[in-house]
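Beneath this line is the structure, given in structure tokens, with notes to follow.
Protein chains: 2
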Amino acid sequence: MPYRAPISDYEFLFRHAVNFDKIAATEKFSEASDDVVSAILTEAGKLCEEVMAPLQRPGDLEPARLENGVLRTSTGYADGWKAIAEGGWVGMSGDPEYGGMGLPMTLTTAVNEMMSAACLSLQLAPLMTQGQIEALEHHASDELKALYLPKMMAGEWSGTMNLTEPQAGSDVGALTSKAEANGDGTFSVTGQKIFISWGDNDFAENVCHLVLARLPDGVPGTKGISLFLVPKLLPDENGNPGVANDLKVVSVEHKMGLHGSPTCVMQFDGAKGWLVGKEHGGMAAMFTMMNNARLGVGGQGVGAAEGAYQHALAYALERKQGKTPSGTIVDHADVRRMLMSMRADTLAARAIMLANAAAIDMANATGDADWMSRAALLTPIGKVFGTETGMRVSETGVQVHGGMGFIEESGAAQYYRDVRVTAIYEGTNGIQAMDLVARKMMDGGEAASRLLDEIEDHAEQARATMPELAGPVWEATESLRETTEWMVAQSDMNNRFAGALPYLHAFARVLGAHYHLKSALAEPGGPRFKLARYYINALLPEYAGLLVQAQNGADDVFGLSAEEFVS
Amino acid sequence: MPYRAPISDYEFLFRHAVNFDKIAATEKFSEASDDVVSAILTEAGKLCEEVMAPLQRPGDLEPARLENGVLRTSTGYADGWKAIAEGGWVGMSGDPEYGGMGLPMTLTTAVNEMMSAACLSLQLAPLMTQGQIEALEHHASDELKALYLPKMMAGEWSGTMNLTEPQAGSDVGALTSKAEANGDGTFSVTGQKIFISWGDNDFAENVCHLVLARLPDGVPGTKGISLFLVPKLLPDENGNPGVANDLKVVSVEHKMGLHGSPTCVMQFDGAKGWLVGKEHGGMAAMFTMMNNARLGVGGQGVGAAEGAYQHALAYALERKQGKTPSGTIVDHADVRRMLMSMRADTLAARAIMLANAAAIDMANATGDADWMSRAALLTPIGKVFGTETGMRVSETGVQVHGGMGFIEESGAAQYYRDVRVTAIYEGTNGIQAMDLVARKMMDGGEAASRLLDEIEDHAEQARATMPELAGPVWEATESLRETTEWMVAQSDMNNRFAGALPYLHAFARVLGAHYHLKSALAEPGGPRFKLARYYINALLPEYAGLLVQAQNGADDVFGLSAEEFVS
Numbered sequence: 001m002p003y004r005a006p007i008s009d010y011e012f013l014f015r016h017a018v019n020f021d022k023i024a025a026t027e028k029f030s031e032a033s034d035d036v037v038s039a040i041l042t043e044a045g046k047l048c049e050e051v052m053a054p055l056q057r058p059g060d061l062e063p064a065r066l067e068n069g070v071l072r073t074s075t076g077y078a079d080g081w082k083a084i085a086e087g088g089w090v091g092m093s094g095d096p097e098y099g100g101m102g103l104p105m106t107l108t109t110a111v112n113e114m115m116s117a118a119c120l121s122l123q124l125a126p127l128m129t130q131g132q133i134e135a136l137e138h139h140a141s142d143e144l145k146a147l148y149l150p151k152m153m154a155g156e157w158s159g160t161m162n163l164t165e166p167q168a169g170s171d172v173g174a175l176t177s178k179a180e181a182n183g184d185g186t187f188s189v190t191g192q193k194i195f196i197s198w199g200d201n202d203f204a205e206n207v208c209h210l211v212l213a214r215l216p217d218g219v220p221g222t223k224g225i226s227l228f229l230v231p232k233l234l235p236d237e238n239g240n241p242g243v244a245n246d247l248k249v250v251s252v253e254h255k256m257g258l259h260g261s262p263t264c265v266m267q268f269d270g271a272k273g274w275l276v277g278k279e280h281g282g283m284a285a286m287f288t289m290m291n292n293a294r295l296g297v298g299g300q301g302v303g304a305a306e307g308a309y310q311h312a313l314a315y316a317l318e319r320k321q322g323k324t325p326s327g328t329i330v331d332h333a334d335v336r337r338m339l340m341s342m343r344a345d346t347l348a349a350r351a352i353m354l355a356n357a358a359a360i361d362m363a364n365a366t367g368d369a370d371w372m373s374r375a376a377l378l379t380p381i382g383k384v385f386g387t388e389t390g391m392r393v394s395e396t397g398v399q400v401h402g403g404m405g406f407i408e409e410s411g412a413a414q415y416y417r418d419v420r421v422t423a424i425y426e427g428t429n430g431i432q433a434m435d436l437v438a439r440k441m442m443d444g445g446e447a448a449s450r451l452l453d454e455i456e457d458h459a460e461q462a463r464a465t466m467p468e469l470a471g472p473v474w475e476a477t478e479s480l481r482e483t484t485e486w487m488v489a490q491s492d493m494n495n496r497f498a499g500a501l502p503y504l505h506a507f508a509r510v511l512g513a514h515y516h517l518k519s520a521l522a523e524p525g526g527p528r529f530k531l532a533r534y535y536i537n538a539l540l541p542e543y544a545g546l547l548v549q550a551q552n553g554a555d556d557v558f559g560l561s562a563e564e565f566v567s
Numbered sequence: 001m002p003y004r005a006p007i008s009d010y011e012f013l014f015r016h017a018v019n020f021d022k023i024a025a026t027e028k029f030s031e032a033s034d035d036v037v038s039a040i041l042t043e044a045g046k047l048c049e050e051v052m053a054p055l056q057r058p059g060d061l062e063p064a065r066l067e068n069g070v071l072r073t074s075t076g077y078a079d080g081w082k083a084i085a086e087g088g089w090v091g092m093s094g095d096p097e098y099g100g101m102g103l104p105m106t107l108t109t110a111v112n113e114m115m116s117a118a119c120l121s122l123q124l125a126p127l128m129t130q131g132q133i134e135a136l137e138h139h140a141s142d143e144l145k146a147l148y149l150p151k152m153m154a155g156e157w158s159g160t161m162n163l164t165e166p167q168a169g170s171d172v173g174a175l176t177s178k179a180e181a182n183g184d185g186t187f188s189v190t191g192q193k194i195f196i197s198w199g200d201n202d203f204a205e206n207v208c209h210l211v212l213a214r215l216p217d218g219v220p221g222t223k224g225i226s227l228f229l230v231p232k233l234l235p236d237e238n239g240n241p242g243v244a245n246d247l248k249v250v251s252v253e254h255k256m257g258l259h260g261s262p263t264c265v266m267q268f269d270g271a272k273g274w275l276v277g278k279e280h281g282g283m284a285a286m287f288t289m290m291n292n293a294r295l296g297v298g299g300q301g302v303g304a305a306e307g308a309y310q311h312a313l314a315y316a317l318e319r320k321q322g323k324t325p326s327g328t329i330v331d332h333a334d335v336r337r338m339l340m341s342m343r344a345d346t347l348a349a350r351a352i353m354l355a356n357a358a359a360i361d362m363a364n365a366t367g368d369a370d371w372m373s374r375a376a377l378l379t380p381i382g383k384v385f386g387t388e389t390g391m392r393v394s395e396t397g398v399q400v401h402g403g404m405g406f407i408e409e410s411g412a413a414q415y416y417r418d419v420r421v422t423a424i425y426e427g428t429n430g431i432q433a434m435d436l437v438a439r440k441m442m443d444g445g446e447a448a449s450r451l452l453d454e455i456e457d458h459a460e461q462a463r464a465t466m467p468e469l470a471g472p473v474w475e476a477t478e479s480l481r482e483t484t485e486w487m488v489a490q491s492d493m494n495n496r497f498a499g500a501l502p503y504l505h506a507f508a509r510v511l512g513a514h515y516h517l518k519s520a521l522a523e524p525g526g527p528r529f530k531l532a533r534y535y536i537n538a539l540l541p542e543y544a545g546l547l548v549q550a551q552n553g554a555d556d557v558f559g560l561s562a563e564e565f566v567s
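Protein chains in written order, with UniProt numbering: chain A, 1 to 567; chain B, 1 to 567.
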């Protein structure tokens, strides 16, 4: 059951959902013509179908491991990385001055999603490297950029992100790693970091770690944290990998899924590093990387959903059972319901991710503050809905397989196990929801309101031709607006936080309906119209219950004392 | 983080939710006094806490395996089984004439749930044996009963259920296993069966297989199927295990979870068997076992939910992170929301399972047709909601753990992986939902309507003291009634089937609210009142969206042709 890159979906959504033509009309992205986009998607699709998809199972069966201190990756992963690197996919949105292709994030998001569908474990390696590229582009000195960026964009060197410590997870400010100036412009970094994705590998010439640590005069909390670039091998005078730095992989975690991706405990023992950004300004630099990664992780969820959907569909079309017209289970109403839900939610999540990326592109191309706030608003929504869709669709994918779904050989279970972490890393989904109702609403809900205006205006226009679909979208949006106003009015932040996740889910449901409506208008009576009709009739109505929960406030969730939770 | 048996929950629900006093007032169950119930729960709780819970991780890390044709179970499982057997827990609802304790299924359901929470993999062994005991009690000859039942109730022999074949899963009628009369009253059974839970073990003296097969004159489909008891070792003239029968375990599946439970491919090569029930009447006999197993599997879901909840709660109470009053994550509103949802849903699912068991007990004790139809109605709802609650709560349990949740050492992932199969086996949740809207509504919705009347009457009475909780319950029930009437009115069964699962979920939501309301009334202002308030305010409202989806009909889900699913 091979993976097929859903290229027509991307091209359709570029055109009809996220106005890619506006992006291509900017000077910055003027090279992203339809032809270029089409060629890029086709080429990336080939890579995913032919090179990456065959690595999905081997990575699961033969996990990355540490052998006498040397990290060994799964069979075939080195070749997979090489193909990704040589295709230029690591640096596809990188600055052309340093060897990148300078293409829009919208396009990169589509490509990254395809790679995630084909082989999530391996895709995480270029994704982390892309995040580091963006952080260095924005915050590193010209010397660091000149040395590191070309290597990373070419996929010769890979990148990682070192935030978490045992006592400092979601609360990054609690970290204790230290850095001291060496007096020559470099720093000595010491500390232990955990949950470091692709903390090492055996296929890149060098591994570049971005490490958060505290300088001696750094205040406690996030305001005293600085960011350092700490390479595995110290570049020699020619910029080639030289002697080993004072750091090592202590161990590799035994995880529920994503076995092909080594999750490392890293030890830095006075490792030499270079400051990125300002002293004590590490969080700002790290946020660049984290926002990039959040977009990427949402896309991982959508990719896993697509992979799980295709896998389940192939099974349903082949599995003979019961007396149906085709003789296969695809004719059962409940199997149809599952497949329709999988496909409709995947399309909705995909459109939201692409809209998120498109807002980033427009912000970067125009500097427009409205696009920046749109991108900021969509980031937590896309991360959560993308990853929840990955979980839900892969769960349903297992169900479509019946008993075979629980047997590892079928491959359905791997999607389910692998994608589970996406709801956790790069800021748990709960943290994302808090970000949405707090930081992203410090504008009094203006950015949200502007988006809701657009959705309602669009629904108003659509009413003329598709009233039965446009009506429910308008009404759901109006309800969402009321809850948004309620959220903004809460000065007790716990009232917002207690309903943050259901609120975010409702927001995503409505956004998904908006893109489905656009999709339906572009293809009246066609398959995408029918998919949109199912989404709006059957899945959108979930918003109502979610909004009730969103507005329920903190009293109920804090009703029990900690002791009363123990029955 | 040890498991603690939630005995006070069971005692509370027995008293206030499912009217256990009515059961104890029947002649059949007159021995089930409060004291006996309390002693049984305490003793079972001890077994679960001290013997079974320590076997949870070892079973995962060291799966059951086949070595040179011999099935080896995980370390400690043999002792675990022995403790279960010697405690009399296998036969606790069995007929006292054959050595059982004759206790109500309500009590057995509570005990089985505790065992599931402590160690799901091992618990499946006595659960399968209990199902066989019930099937033999109802359908086997006196000779078979006298020989087999005492051994099984004492846990000396174990039992399995052999339905599925590679081409016959949900469509049992497609099976091809054959049986031929030997002329001496016995039969020769030949065929291959797959997905046989606990198909063999190394701790019981004998393993008794109930096997569905077709006699030479059996018509195609389910009406030509007969049931045979096929022991691993043929009993000698004294009833002791003698020579090996012609059957074997071909292989053990490699599964996503439940590693301690061997899922076997079984080969029967003219194995000697004895007819159970009438010729060609195998499905009727098997249904006895399946209905028992469905109740049991729903309880497995609730047990896994309880285990995952306790595990996550312990973590949340200990994990220091962020600036909160206690310094731990339990004070974060989103963590509270997760814990409240886990606990509230687990209580709702537990009450539904106990109500299902109570209806079975009342039906058995009184022969009353209304109790029989109540039990039949609740069985698919309990199976689905119990197992979905297991999935959802264990998913949330992983989330509460943050990054640690994805690391196997934390134990959170195991609950998530193990419980996944419960939504699949013993009739997939989709099959259960079809059963609810088809077979269980052949009475024109009368049984459902009677239950909804009771819920509304109760809400009416509760309105006097708790209007803010009773009102929403009444309204939700009324909406559910309307959709129920819509369901019954659909002559095109695909209209029912397309919305069957969301309908079932909505039904469970309302039922859960009913038991929470009872619970609140029994403890006004107390912890259970607060839990009920959260459930009714925050979780119950989900029903509205589900009912819209339930009534959406088949046109949308069949909107796409099979080809159009392939994008």
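We treat Cβ as the ideally placed atom computed from N, Cα and C, and that holds for glycine.
Could you check if residue i is buried or exposed, using at least 16 other CB atoms within 10 Å of its CB as the buried criterion?
{"i": "B/Lys518", "result": "buried"}
{"i": "B/Gln167", "result": "exposed"}
{"i": "B/Glu27", "result": "exposed"}
Would you grab the beta carbon distance between residue i and residue j for me? Rounded to a whole angstrom, and I think it's under 8 Å.
{"i": "A/Thr75", "j": "A/Pro54", "result": "Rounded, the Cβ-Cβ distance is 11 Å, inconsistent with contact."}
{"i": "B/Ala447", "j": "B/Ser373", "result": "4 Å"}
From residue i to residue j, what does the alpha carbon distance come to, in whole angstroms?
{"i": "B/Ser33", "j": "A/Gly169", "result": "51 Å"}
{"i": "B/Ala174", "j": "B/Thr222", "result": "8 Å"}
{"i": "B/Phe507", "j": "B/Met290", "result": "22 Å"}
{"i": "A/Asp35", "j": "A/Leu103", "result": "13 Å"}
{"i": "B/Pro262", "j": "B/Met152", "result": "19 Å"}
{"i": "B/Val302", "j": "B/Phe14", "result": "16 Å"}
{"i": "B/Tyr543", "j": "B/Leu511", "result": "11 Å"}
{"i": "B/Lys440", "j": "B/Arg481", "result": "15 Å"}
{"i": "A/Ser38", "j": "A/Pro6", "result": "12 Å"}
{"i": "B/Ala538", "j": "A/Val548", "result": "7 Å"}
{"i": "B/Glu381", "j": "A/Thr328", "result": "According to the sequence shown, residue 381 of chain B is Ile rather than Glu. Distance between the alpha carbons of B/Ile381 and A/Thr328 is about 26 Å."}
If the cut is a Cβ gap below 7 Å, which residues of chain B does residue i touch?
{"i": "residue 605 of chain A", "result": "This structure cannot speak to residue 605 of chain A, because chain A is shown only from 1 to 567."}
{"i": "A/Phe406", "result": "Lys255, Met256, Arg420, Val421, Ile424"}
{"i": "residue 571 of chain A", "result": "Residue 571 of chain A falls outside the range modelled here, since chain A spans only 1 to 567, and no answer is possible."}
Relative to the ligand HEM, is the shortest distance from any of its heavy atoms to the C-beta of residue i smaller than 7 Å?
{"i": "B/Arg294", "result": "Judged by which ligands are present, the structure shown has none, so any question about the ligand HEM falls away."}
Which residues in chain A have a C-beta closer than 7 Å to the C-beta of residue i? List them in chain order.
{"i": "B/Leu398", "result": "Leu is not the amino acid found at residue 398 of chain B; the sequence shown has Val there. Within chain A, the residues near B/Val398 are Arg420."}
Output, in chain order, the set of chain B residues within a Cβ distance shorter than 8 Å of residue i.
{"i": "A/Phe195", "result": "Gly403"}
Check the Cβ of residue i against every Cβ in chain B and list those closer than 9 Å, keeping chain order.
{"i": "A/Leu317", "result": "Ala562, Phe565, Val566"}
Under 8 Å between C-beta atoms, does residue i make it to chain D?
{"i": "A/Val473", "result": "Among the protein chains of the structure shown, namely A and B, there is no chain D."}
Name, please, each residue of chain A whose Cβ falls closer than 8 Å to the Cβ of residue i.
{"i": "B/Tyr415", "result": "Those do not exist, as B/Tyr415 stays about 11 Å from chain A at its closest Cβ, beyond 8 Å."}
inquiry  = Count Cβ pairs between the region 248–259 of chain A and the region 402–412 of chain A that sit closer than 8 Å; are there 3 or more?
reply    = A contact is defined here as three or more CB-CB pairs under 8 Å, and the region 248–259 of chain A fails this definition with respect to the region 402–412 of chain A.
| Quick check: the region 153–167 of chain A against the region 131–140 of chain A, are there 3 or more CB pairs under 8 Å? | yes
If you pair each beta-carbon of the region 364–373 of chain A with each one of the region 490–504 of chain A, do three or more pairs fall below 8 Å? no
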